[in-house]
Structure formats: C-alpha cells, structure tokens
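full-length UniProt numbering puts the sequence shown at residues 1 to 368. We treat Cβ as the ideally placed atom computed from N, Cα and C, and that holds for glycine. Reviewing the structure listed below.
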Amino acid sequence: MSTHDRAGSGPADEPGPLHGGPDDDYTPEQLAGMDREELNRLGARYDGVEVLHVDPPPAPGSALEKQASRQVAGAFGIAGLFGIAFFVVYAGSGWFLPSWQWASEDNGWSALYTPALGLTMGGALIFIGVGLVLFVKKLLPHETAVQDKHDGSHFDRTTTAATLMGGLDKTGFPRRKMIGRSLGFAGGAMGLMLIAPLGGLIKNPNKGNPLGTTEWAEGVRLVRDDGSPIRPGDQEPGSLETVFPAVPGGNRAADAATMLIRLRPEQMAVLEPREGQADFGYGDYVAYSKICTHAGCPVSLYEQETSRILCPCHQSQFDVTQGAKPVFGPASRSLPELPITLDDEGYFVARSDYIEAVGPTYWNRERI
Ligand code: FES
C-alpha cells in the first residue's frame, strides 16, 4: 500500500478517517511536505481544538492598524526612554551628575537620587506593560477555542511547533517593523537598566575610604545637637555629652556622633589610655565614638560609678578608664577615641579624624 493510500494522507484540511493515531496516519515526509498553516490546522483538528469564536485583527495597512501600531510603538519608545534615563541616573551619578552619596550636608541630588531611580525604572516597566496590553488588545486576533488534554508524540511536536510559529506570524512582528524596532529599543534599554546595577559589584566601594573616615578633621569644633560649642568646665565631672562635628549637617552624620566625657578625679587616677593614645584626651575630658563596635547601635548609657558605657542592643560594656575597651558582651573592639584639644577661643576641637574606622567590624576593615 502506498503512502497516499493510507488513511489521512490527503490534504491537511480533508484528512481521512482518524485511526491508529496521527503518527500512523502521516509519515514524517508527508508532514514535512505541508506548509505551516496546513500543519497548524491539521494539528488543531487532531488535538481536538474547537474554535468557538474569532475576532480578526485590523486589516494590514488599514488606518486602524496604523493607529494601533503607533500607539504600541509609542509606549515601547517611552519605556525605552525611561530605561535609558535610569541608566543615565545610575551610571552618571558621581560621574557627570553629582555624587549620590549622602555627604552630611544638605544635598538636593542625594535626596532625589533614589526616587529618580524608582521613577525611571517604574516608568520603563509600566510603559512596557502598556505597550504589550495595547498590542494584544488592538493588533492580535482574538480567538476563543477549547481543547482536550492528551499525551505528546512526534506528530504533536511537529504540529505544536507549527502552531507556535503560526502564532508568531499572527503577531505581525515580521511585518510590523515600527513595533518590532520600538520593542527592541525598549528591550535593550530594559536590559541596560537591569545590567547597570551589576556595576556596583565591580566598583570599589571603599574608594575614598568612606567607611574609615568621618566628618571630623583637625580644628573642627565639638558642638551639641543645637550647634553650641563646648568649653572645659561646661560639664560636671562624671557627665557625658553627645557632640557632633561643627560642619553643615554634622548633627545628622550617623558615623560622627561622639561622646564627650568628663572623668571624675578617681577615674583620672586609674586612667589607662590605649597604646599610643595617651594624649588623645584633654585634661579630664575624653571623647569616644558613640557607635557600638558590635553592630552599630548608639551606646549612650553611661554608668559613672562603674566607669562603663553600656550598649542597649546586646549589652556590650566599655570601660572609659581603659580606652573604652570592651569588658562585657559581644563587642570585640574598643570604641575609637577622638583626639581633642582646644582652639584659640577655648572651645573643644578635634585634632584629626578618628584614626580607625568607627562602628562595627567588617571583613576588610584592616585593609582600607
Ligand atoms: S550593637 Fe552594641 S552590643 Fe550589639
């Protein structure tokens, strides 16, 4: 019996009686000889697909199609522009745009940086979505079909591939160049937007040693939260005052908060500064970082009877008479001490920045 005598070996839309399964009805050669549309219809019929209703798309070249295409391409184009804007904000900050890093003074760009990233990324995603919705609603045929589920075979794979490719044809992408290009533009910009943050993984975050420096510097006054400077004698022995560097925004610099402590005579008698830091204090005053070296909480509970500063987070305790050495709890490093002296007007000033990083230990702290 020749292949053309086999059941179902006729034209795709007029198959013979279905028996023995589609692989018995059609040889690979016969399937290879059919075009995509024939395979698509044949596969649908064998798959038990029943098309209930079809709304055709706008006619190719019609005014309706052109208008819809422009709307879709416009949405993708705007998405692309938002994606490019995201990249410009992200990559340009600190390059040709102001640095986004918060630098303690009021900086308009620093405040705008994160919202700008969110708005541009959000805009790109929203307009990609708008473009896709418009494309599906206005340019694709709308078909209602039902199908029974069944197992796969070579026949299924071949006809399914034809169905998928036929679906791509129906999108009109090969013909609708404007939409294809705008989608490519939007996709490229989105890719750029997603890849750009990876740059942070190769950029050296320690450039300029941001974790190892604060706003303190030689001659910077120690001031209270209200900006008033402090002279020796302003505090009672045994008291503690939280001070900040007298620079713009200094009272909001999270790493610069410092405790200025006036020691009592009996504490002075047993004072053991850290090696090489004997002259960091001034008279009976010492100044230690307020940032806990365990996990960065503010250590502000000072118990003058025991000379201990307590961290409320995990109960680390530091002895102010021993260079703020940790004597209890999980902290393993002393609170850094700020070298202080007086300026010409008799107010406390820093002699330099802290000579070590303040706050928690981090893995490469000793190397930056
Ligand atoms: S943060 Fe201070 S003890 Fe944990």
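Asked	Found
How far does the alpha helix (DSSP H) with Arg-181 in it extend, from its first residue to its last?	177 to 195
Give the secondary structure of Glu-37 by DSSP, where H, G and I count as helix, E and B as strand, and everything else as coil.	helix
Please check the pair Tyr-302 and Thr-341, which I expect to be a contact at CB under 8 Å, by giving their CB distance rounded to whole angstroms.	About 23 Å; that fails the 8 Å criterion.
Which of helix, strand or coil does DSSP assign to His-314?	coil
Applying the 10 Å Cβ sphere with the 16-neighbour rule, what's the burial state of His-142?	exposed
Can you give the beta carbon distance from Ala-124 to Met-178, rounded, assuming they're within the 8 Å contact cut?	At roughly 19 Å, the Cβ-Cβ gap does not stay under 8 Å, so Ala-124 and Met-178 are not in contact.
Taking the C-alpha atoms as reference points, what is the distance between Leu-201 and Ile-355?	28 Å
Under a Cβ-count criterion, where at least 16 other Cβ atoms within 10 Å of its own Cβ denotes burial, should Val-51 be classed as buried or exposed?	exposed
What residue does the beta strand (DSSP E) around Arg-157 start on, and which one ends it?	Segment 154 to 171 is the alpha helix (DSSP H) holding Arg-157; no beta strand (DSSP E) there.
For Val-130, which of Ala-186, Val-243 and Asp-279 has the nearest alpha-carbon?	Ala-186
Examine the ligand FES and report whether any of its heavy atoms sits within less than 7 Å of the Cβ of Pro-330.	yes
In whole angstroms, what separates the C-alpha of Met-165 from that of Asp-156?	14 Å
Which partner residues of Met-259 appear in the DSSP bridge assignment?	Thr-242 and Tyr-288
Could you please go through the chain and list the residues whose beta-carbon is closer than 5 Å to any non-hydrogen atom of the ligand FES?	Cys-292, His-294, Ala-295, Cys-297, Cys-311, Cys-313, His-314 and Ser-316
How about Ser-300 and Glu-218: are their beta carbons less than 8 Å apart?	no
Starting from Val-223, follow its DSSP beta bridges and name the residues at the other end.	Pro-229 and Phe-244
Only counting the same chain, and skipping five residues up and downstream in sequence, which positions put a Cβ closer than 8 Å to that of Gly-329?	His-294, Cys-311, His-314, Gln-315, Ser-316 and Gln-317
Work out the CA separation of Leu-263 and Gly-199 for me, nearest whole Å.	49 Å
Alpha carbon to alpha carbon, what distance is there between Met-259 and Pro-237?	14 Å
Within this structure, are the beta carbons of Pro-57 and Leu-140 separated by less than 8 Å?	yes
Rounded to the nearest angstrom, what separates Arg-274 and Thr-306 at their Cα positions?	19 Å
Is the beta carbon of Val-358 sitting closer than 8 Å to the one on Pro-336?	yes
Can you tell me the Cβ-Cβ gap for Val-133 and Arg-221, rounded? I've got them flagged as a contact below 8 Å.	About 60 Å; that fails the 8 Å criterion.
Return the chain-ordered list of same chain residues with a C-beta closer than 7 Å to the C-beta of Gly-43, the five sequence neighbours on each side being excluded.	Thr-159, Thr-160, Ala-162 and Thr-163
Exposed or buried, what is Lys-290 when buried is set at 16 or more other beta-carbons lying within 10 Å of its beta-carbon?	buried
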